[in-house]
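One structure below.
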Amino acid sequence: MHDVCMRDTTFHSEVSRMYRKWQVDPVSTDAKVRLLTSLALYSLILDRPSSAERDWEKLSTALVLDTVTTKPVHELFASLPALEQEDAGHVQALRLMSYRFGAVSGPSATAKYWAYLTALVGLFLEQIATATTEETPTCKSILDAGR
């Protein structure tokens, strides 16, 4: 999804501008956006009684975004499979961020960065949805757009 979105030069420029404005590392932030999106999808799959192996393909992008923005953060990390070392490091960073939400009173740099990540997930989902021909894009249509 990320690579398809970033092929659009206007979108790429906008995301790059946001990274500069927010003063965040683009490579690390991109990795966390990818993982946060994957965590939401994985969480949705685990929460649904699956009648078919490909049931996840019918999940809407709106449902994925809703999961990222409204599901309790700790639930996104439940029952994760084994990950590659680099991905495991990014997941650990996301997990540590989630622990800090309630640990600081007042404005929190961690909560602000998490808000940036969730905003970016929404932007990427919106951008990839425009590449599909469906009125209500699903996970399958998004994956097909990336091929």
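For this note's numbering, count along the sequence shown from 1 and bump the result up by 1228.
Glycine residues also receive a C-beta, built at the ideal position from the N, C-alpha and C atoms.
- Two segments are said to touch when three or more pairs of C-beta atoms, one from each, lie closer than 8 Å; by this definition the stretch 1289-1302 touches the stretch 1346-1362.
- Linking proline 1254 to valine 1243 through their CA atoms gives a straight-line distance of about 9 Å.
- Looking from the CA of leucine 1371, the closest CA among His1240, Glu1285, Leu1267, Phe1305 belongs to Glu1285.
- Tyrosine 1247 sits away from threonine 1237, with the two beta carbons spaced by 8 Å or more.
- Inclusion of leucine 1264 and valine 1349 in the CB contact set at 8 Å is warranted, their separation being smaller than that value.
- The beta carbons of serine 1369 and glutamate 1363 sit no closer together than 8 Å.
- With a threshold of 16 other beta carbon atoms within 10 Å, threonine 1289 meets it and is buried.
- The alpha-carbon separation between tryptophan 1250 and lysine 1340 amounts to approximately 10 Å.
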